[in-house]
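Heads up, the numbering used here is the position in the sequence shown plus 65, with the first residue counted as 1. Where a beta carbon is used, it is the ideal one built from N, C-alpha and C, also for glycine. Since the structure comes first, as structure tokens, the remarks are kept for the end.
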Amino acid sequence: MQSPARRAIIIGMDGASMELVNNMVNGGHMPHLGKLMAQGAHRPMLGVFPTLTPPGWTATSTGAWPGNHGVMDFHIRKLGGPLDETVWGINTELSQAEYLWNTVERAGRMPLLVKWEMSWPPTVTRGVQVEGTGPGVSNHHQIAGYHLFVAGEAQRAPQRRRIGGQRDPETLDPSALQTGSDVDPVTITDAENWEHLPLSTRPPKEVLLTIRPLARGRDLMLRGKVGAPKLFHGLIYAAGDSGYDRVRICRTRDGRSAVTELAMGEWSDWWLDEFVIDDEEIGGYVRMKLVTLTAEADAFELFAPQIWPALGYTEPPEVAAELDAHVGNFLQNPARDALGIIDDDTYFELLDFHHSRLADVADYLTASRDDWAMLFIESHASDYTSHFFLGQADELGGADEEVRQRCLDGVIRTYSSIDDLIGRMVRIADEETLICVVSDHGGTPNQFQATLVEDALEQAGFLVYTEGSDGERAVDWSRTRAAAVGLVHVFINLQGREPTGIVPPEAYKETQLALIDALHAYTDPATGRHPFALALTREDAEMVNLWGETVGDVVYALRPEFDGAHGKQLPSVRFGIAGQRCTFVLAGPGVKEGVALRGQVRAVDVAPTLCYLLGIPMPRNVEGGVVYEALTDPDWHLAGEP
């Protein structure tokens with residue numbers, strides 16, 4: 066019996082709420098997605114709680130709720146350890162449920178994964194996987210993060226580019242680091258002891274540019290421990306009569322050793338260079354842009370984005386060399402961590418390249434492997450904009466008009482770039498190919514300062530600190546009865562379970578209820594409002610699909626006006642121009658045309674619906690159901706039976 070579809074393309078948009086997507090489509094900024102919606106079925110989709118990347122994408126990729134698959138958070142409680150010890154959640158080995166790509170393989174068919182979120186280490190056995198470790202700096206392969214070399218007056222530029230407002234913590238937004246320097250200060254000096262200088266109408270100057278392997282990466286995901294600095298010599302000179310206007314990047318103080326030469330606003334081509342990490346030589350791709358150079362050379366700004374390796378980021382490993390030969394270099398992070406540090410145009414130039422290269426890889430893999438059955442491809446850019454631009458893109462955020470317009474423009478440019486990627490994927494599809502566009506959670510603008518559950522716990526006497534002679538505070542576990550772990554969990558410091566436990570087991574239930582009362586009673590000091598939307602016992606948390614020993618003794622949610630972009634909000638939230646409901650668009654063979662679905666669609670329904678239309682088995686551990694309302698013939702599998 067022939068299934069309605071032979072293949073499927075799943076396009077992921079991290080952090081893209083259906084509310085905001087509808088605004089972008091209606092505003093004419095996403096014509097390709099708008100056409101898919103008109104050709105298929107769509108609905109705001111109910112995601113998981115917490116509204117966060119690890120549980121969200123794992124639920125979408127397995128058809129199982131977080132209580133089943135177990136990937137609860139970026140930071141998951143380490144059972145048996147101290148309450149402040151967690152397990153890093155970007156790890157497929159933590160999932161207790163079968164991934165959809167492994168279901169495809171079990172059916173004897175081939176999946177292709179292109180930067181699909183939460184899919185590393187690879188579990189594919191006959192498929193192909195390209196990257197997939199996590200957002201932004203959360204990856205295992207990066208040679209070095211971005212470098213922004215600044216000198217003179219340009220050192221003030223990154224401060225001027227910030228938009229203000231609150232910043233989501235790394236526990237929620239691990240795609241950008243919040244420690245260490247944002248820039249790489251350099252000094253401009255007279256060029257001395259150079260050979261083969263170009264003609265210059267002013268005395269040439271020099272700036273030393275040091276690339277630091279392993280710089281600006283997440284410590285627990287670095288590919289090594291020690292990176293050897295690599296020095297380039299920047300020769301600043303005046304090719305014309307209007308002052309300094311060019312920089313030549315050289316390997317030595319010899320003008321003939323140049324790797325590139327740039328005028329202001331120009332990007333170099335990518336070049337393959339060698340770097341040393343832990344005494345091992347690794348090839349990686351470098352590119353630079355001269356952002357600022359004044360005529361007097363009293364302001365200089367040169368940007369180098371993430372350095373990505375030529376090899377080692379695919380499964381099977383030899384696919385990386387194949388892509389290097391036939392497609393070109395890969396770029397995992399389009400400088401999300403430099404948003405607000407570099408100028409917006411530079412970021413969006415990289416984002417467009419990033420999306421174009423993702424599409425190039427997908428084009429090549431699908432064209433070179435005729436037996437592929439399911440393509441997974443994901444953009445994290447929508448989440449990047451949630452954590453940077455969206456916060457002040459709505460009037461309720463209270464930003465001045467100039468900032469608000471800049472932020473709204475940033476949102477529009479982001480979704481337009483994603484739409485270009487969607488358009489490229491549509492061109493891959495034929496009449497037998499399903500296209501499904503989904504997100505893992507949404508994102509909302511900011512209104513009030515985000516509430517910290519630690520403040521509520523401390524105010525109620527559950528969390529107690531000591532202060533050292535240096536003024537630093539530390540948790541006093543001998544007097545602390547409960548503490549926050551991960552994003553939405555509060556654990557009781559229980560005797561017999563915790564190494565520091567002080568709450569006797571007979572007081573467990575009483576403490577649970579007291580915690581809930583304290584959270585509900587907490588008042589935000591700035592607004593006088595109650596920021597907690599709900600607080601549940603571990604037993605009651607099953608109603609939000611959380612269960613098991615890594616779930617807090619109390620689970621809580623915040624109202625959207627007291628949260629950041631996402632995470633602690635409920636998945637049903639609508640707020641301002643956006644919300645937390647996930648995007649769900651399905652088009653292609655076996656799917657109704659132009660239907661806004663009325664019945665509920667949930668994240669766990671994506672995998673079983675695709676499996677049903679392709680006629681392959683359901684993932685093991687699946688809890689979702691088929692979205693029958695979207696199908697032209699829900700009973701296709703019964704055709705021809707008596």
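Query: L517 to K143 span [Cα, whole Å]; Result: 22 Å
Query: Three-state class that DSSP yields for Y727 in the structure shown; Result: The requested residue 727 is not part of the displayed model; the chain covers only 66 to 707.
Query: Residue ranges of each alpha helix (DSSP H) within the region 468 to 541, 4 or longer; Result: 518 to 524
Query: Alpha helix (DSSP H) runs wholly inside the region 293 to 341, at least 4 long, in chain order; Result: none
Query: Span of the alpha helix (DSSP H) around V195; Result: Counting along the chain, V195 falls outside any alpha helix (DSSP H), though it belongs to the beta strand (DSSP E) covering V193 to V195.
Query: Run of the alpha helix (DSSP H) containing M83, from where it starts to where it stops; Result: M83 to N91
Query: Buried/exposed call for V291, threshold 16 Cβ in 10 Å; Result: exposed
Query: 8 Å Cβ cutoff met for Y573 and F368; Result: no
Query: Opposing strand residues paired with V550 [DSSP bridges]; Result: H554
Query: Own chain, CB closer than 6 Å to V656, minus 5 neighbours either side, in chain order; Result: G105, A106 and A695
Query: Secondary structure of Y211, DSSP reduced to three states; Result: coil
Query: C-alpha distance - R594 paired with A521, whole-angstrom precision; Result: 13 Å
Query: Beta carbon of G308 nearer than 8 Å to that of A360; Result: yes
Query: In DSSP terms, what A704 is bridged to; Result: According to DSSP, A704 bridges with nothing at all.
Query: Runs of beta strand (DSSP E) lying entirely within the region 241 to 279, each at least 3 residues, in chain order; Result: 253 to 255 and 270 to 276
Query: Simplified DSSP assignment, three categories, for M439; Result: strand
Query: Proximity of S444 and M78 at Cβ, strictly below 8 Å; Result: yes
Query: Own chain, CB closer than 6 Å to R685, minus 5 neighbours either side, in chain order; Result: E163
Query: Simplified DSSP state of E688, which is helix, strand or coil; Result: coil
Query: For M608, the residue or residues it bridges with in DSSP; Result: M608 pairs with nothing; no bridge assigned.
Query: Sequence-distant residues of the same chain with beta carbon closer than 6 Å to A424, five excluded per side; Result: L486 and R489
Query: Distance CB(V356)-CB(E366) smaller than 8 Å; Result: yes
Query: Beta carbon of G507 nearer than 8 Å to that of C676; Result: no
Query: Three-state secondary structure assigned by DSSP to W130; Result: coil
Query: Cβ-based neighbour list, S265, same chain, cut-off 8 Å, excluding 5 preceding and 5 following; Result: Y302, A303 and A304
Query: Residues of its chain near P707, where Cβ-Cβ distance is below 8 Å and the 5 sequence neighbours each way are ignored; Result: Annotation note: pLDDT 46 at P707 (below 50); position unreliable, coordinate value reported separately. Same-chain partners within the cutoff: there are none.
Query: Close beta carbons around H391, own chain, < 6 Å, minus the five adjacent residues each side; Result: Y429
Query: From D505, G93, G145 and S504, residue whose alpha carbon lies closest to that of G566; Result: G145
Query: Under the three-state DSSP convention, the category F597 falls into; Result: strand
Query: At least three beta-carbon pairs within less than 8 Å, the region 440 to 456 to the region 469 to 484; Result: yes
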